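So the sequence lines, in the order shown, correspond to chains W and F.
At position 230 of the first sequence (counting the first as 1) the number is 230 in our numbering, and the numbers step up by one without a gap.
To get our numbering, take the position in the second sequence, counting from 1, and add 1000.
Data first, discussion second: the structure below is written as structure tokens.
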Amino acid sequence: MTDTTVKKRKKWSVFDIVAFVALGLLALVTFFPFYNVLIISVAKFEAISKSDFYIFPLSFDLSAYKLLLQDMKFWSSILNSVIVTVVGVLFSMTISVAGAYALSKRGMPGRNIMLSLILFTMFFNGGLIPFYLVVKDLGFVNNILVMIIPAGLNTFYLIIMKNYFNTIPESLEESAKLDGANDLYILYKIIIPISAPFMATFALFYAVERWNEWWYALIFISDAAKAPLQIYLRETLITSNSLLSQMAQTMAEQEQTGKVYTPALQMAAIVVSSIPIIVVYPFLQKHFNKGIMVGSIKG
Amino acid sequence: MADSVTARTPKRSLRTRAPKQSLGKTILQYKYFYLMVLPVLIWYALFSYAPMYGVTLAFKSFNYSKGILGSPWIGLENFQTLLTDPDFRRAFWNTVIISLMKLVTHFPMPIILAIVLYEFSRTKMKRFFQTILTFPHFISWVVLSGIIINILSKDGIYNQIIMLFGGDPNSPLVDESAFRPVLYITHVWREIGWDSIIYLAALAGINPELFEAAEVDGANRFRRLLNIAWPGLKSTVAVLLILQVGQLLTQGSSFEQIFNLYSSPVYSVADTIDTYIYRTSFTIGSDFGYMTAVGVVKSIISLILLWAANSFAKKMGEEGLY
């Protein structure tokens, strides 16, 4: 290992240089918008209006963050999203791990029919209106559970998990069975512990999905007190409907000194709401390559 | 054939399990697995198959108080209305154009990126680039749209650069000719890194000895790419292409992306079937039966596309999905 790295450090082929430049440019273009968010969020109004070209942080001012953190609706939406994420991941992981494990058992009668029925849903669905009516009849309107239960299963993850379980040698389970353990116990005590990194990856995938959830809220939740973070962000960033963006606008209109720049407030909202993703991202990054590799599309 | 039978016979006799077991006994043996899979089956029954039954609404005149079951049948009337509805036509063609153009502009990108990353020999830097390029995938379209709107706004960085070079400030998000390219570019921005992972996995699965042998034989980088890397990638590319064509109208016309970026000035080029159904059903409050018919047409076209892509892949000598 050290041998090859030392050897490689010595020579940069022409291809490496070209690839480095191309990848570097691509990375810069990908990363720049996020950097832009950060510097705008700490910008003073005067600094922005004075300079035409705002690429470097010309000022540092946390008043946008202060204003944001005073907004009660921001906190209640965060609380809703935390609940949805924590309970949602528990729900999603419980049913998809158990389901995927059972579906990985080749000898189970009816397994192929079940798999076909599940795969079929990836290509055909009833569409929005029938879905809306069914979910409404089940009592999910203005119910925070809509973001946990109907949103809670990802067919693609289920299939990858199933493929992963197929790679675990059966001898492991057979020895436990000889000791008298039943299949539920084996899953809980043997299979899940040995595949902890894999489980963690999918728990994180589900967590990101729940944290980013807004579609179910858009359709089923009209009660502002039950809105998740992404709906709050949508109102602040896109429709400028939130109390916060209105507040910032009035402040800008009043032209008072030390006022908060509206985009600064919006970008501050992005920064604060992205913190959880930035925190879990290194863990995601570490495992997802492996996770995807283990269970590629077919199997 | 005969060989394989004789080869298999001794193995079978070595098996300890009974060769023939009654179905009832087998099912009993798997009882805990049925218990484990039950919640998943209930979930699909409730949230996938019950709405599929609701498709019958497309042949009914929906009456809120009577529900799906009680609403009166009207035959194909909803589908006939659809043929003459200019809004549906516009949404239909926008969906087809946006999805196809997204496929054309995006699909090759992650493959190229994967090949470049694979051939790039600096391991640590490779990981660094991958980390940055996959990041946007984990940010919601709501937030990304907020960022895009800010960048393209009147005093955003885009117009600052335009003015620096003496151009006139403009806003692509309300410009009919610029809106779709914004969709294509931001889609590549969000997904290129993430989508390349699966191809990198396929490339990692190629036996490195093949590359070494090719190098010994004097093959250059391009030859190795063409004769070893590409054959190793081909089946993954085929499967993903089929999947994406099959989901062209659903994923390709990404509701989340368009819905968060569009506004009334660009409806003519951006209103897709999904946004049309959502907008008219939940804000204007149009007939649910008719809107279900719109959804059904979309689903059927998706199925036909999937079938066509799969047969095409099989004709080209690839495995296909089914």
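Using N, Cα and C, we set each Cβ at its ideal position, and we do this for glycine too.
The model shown is predicted, which means the values in this text are computed figures rather than measured ones.
Query, Result
"Using a Cβ-Cβ cut-off of 7 angstroms (strictly less than) and excluding sequence neighbours within five positions of W/L153, which residues of its own chain qualify?", "S92, I95 and S96"
"Using the Cβ count rule (16 or more neighbours within 10 Å means buried), how would you classify F/A1114?", "buried"
"Identify the contact partners of F/T1057 in chain W, using a Cβ-Cβ distance below 7 angstroms as the criterion.", "Reading off the sequence, residue 1057 of chain F comes out as Leu, not Thr. The contacting residues are I129 and P130."
"Per DSSP, what kind of secondary structure is W/W12 in: helix, strand or coil?", "coil"
"Pull up the CB-CB distance for W/Y216 and W/M122, whole angstroms please, since I reckon it's below 8 angstroms.", "About 19 angstroms; that fails the 8 angstroms criterion."
"Using a Cβ cut-off of 9 angstroms, which residues of the region 1111-1123 of chain F contact any Cβ in chain W, in chain order?", "L1113, V1116, L1117, E1119, F1120, S1121, R1122 and T1123"
"Could you give the DSSP three-state label for F/W1073: helix, strand or coil?", "strand"
"Can you list, in chain order, the residues of its chain whose CB lies under 7 angstroms from that of W/T257, leaving out five sequence neighbours each side?", "Reliability fails at W/T257, whose pLDDT of 46 lies under 50, so the model's placement of it is uncertain and the value that follows must be treated cautiously. Same-chain partners within the cutoff: there are none."
"Report the residue from F/L1057, F/F1120 and F/T1056 whose alpha carbon sits nearest the alpha carbon of W/S13.", "F/F1120"
"For the region 1079-1104 of chain F, enumerate the residues whose C-beta is nearer than 8 angstroms to any C-beta of chain W, in chain order.", "none"
"Interface residues of chain F around W/F31 at Cβ under 7 angstroms?", "I1132"
"Alpha carbon to alpha carbon, how far is F/V1096 from F/W1073?", "30 angstroms"
"Between F/N1170 and chain W, is any beta-carbon pair separated by less than 8 angstroms?", "no"
"Can you tell me whether DSSP reads F/K1154 as helix, strand or coil?", "coil"
"Please classify F/V1294: is it buried, with 16 or more other beta-carbons within 10 angstroms of its beta-carbon, or exposed?", "buried"
"Do F/W1194 and F/H1137 have their C-beta atoms closer together than 8 angstroms?", "yes"
"For the region 1081-1093 of chain F and the region 1168-1180 of chain F, state whether three or more C-beta atom pairs, one from each stretch, are separated by less than 8 angstroms.", "no"
"Hey, how far is the Cα of W/I315 from the Cα of W/Y132?", "With chain W represented from 1 up to 299, any question about residue 315 of chain W goes unanswered, as that position is not in the structure."
"Determine the direct distance from the alpha carbon of F/R1279 to that of W/K226, and round the result to whole angstroms.", "22 angstroms"
"Quick one, which of W/T167, W/N166, W/L145 and W/G24 has its alpha-carbon nearest W/V84's?", "W/L145"
"Please confirm whether W/L204 and W/L103 have their CB atoms less than 8 angstroms apart.", "no"
"Buried or exposed, going by whether 16 or more other CB atoms sit within 10 Å of the CB of F/F1047?", "buried"
"Note the first and the last residue of the continuous alpha helix (DSSP H) segment covering W/M147.", "Unbroken run through W/M147: none, as it is neither H nor E."
"Mapping the DSSP letters down to three states, classify F/K1060 as helix, strand or coil.", "strand"
"Between W/A268 and the rest of its own chain, which residues show a CB-CB distance below 7 angstroms, the 5 nearest in sequence each way excluded?", "S41, A64, Y65 and L68"
"Is there a Cβ from chain W that is less than 8 angstroms from the Cβ of F/G1246?", "yes"
"For a test of the three-state rule: what should DSSP assign to F/N949, helix, strand or coil?", "With chain F covering only 1001 through 1322, there is no way to say anything about residue 949 of chain F."
"Does the beta-carbon distance from F/G1285 to F/S1061 come in below 8 angstroms?", "no"
"Between the region 1051-1059 of chain F and the region 1068-1082 of chain F, can you find at least three pairs of beta-carbon atoms closer than 8 angstroms?", "yes"
"Near F/L1082, what residues of its chain come up, given a Cβ to Cβ distance below 8 angstroms and the 5 sequence neighbours on each side ignored?", "F1088, Y1290, A1293, V1294 and V1297"
"Could you tell me which chain F residues have their CB closer than 7 angstroms to the CB of W/Y101, listed as they occur along the chain?", "M1036"
"Assuming contact is defined by CB atoms lying nearer than 8 angstroms, are F/M1036 and W/A98 in contact in what I supplied?", "yes"
"Check each candidate in F/I1111, F/F1259, F/N1159 and F/L1041 and name the one with the smallest Cα separation from W/I113.", "F/L1041"
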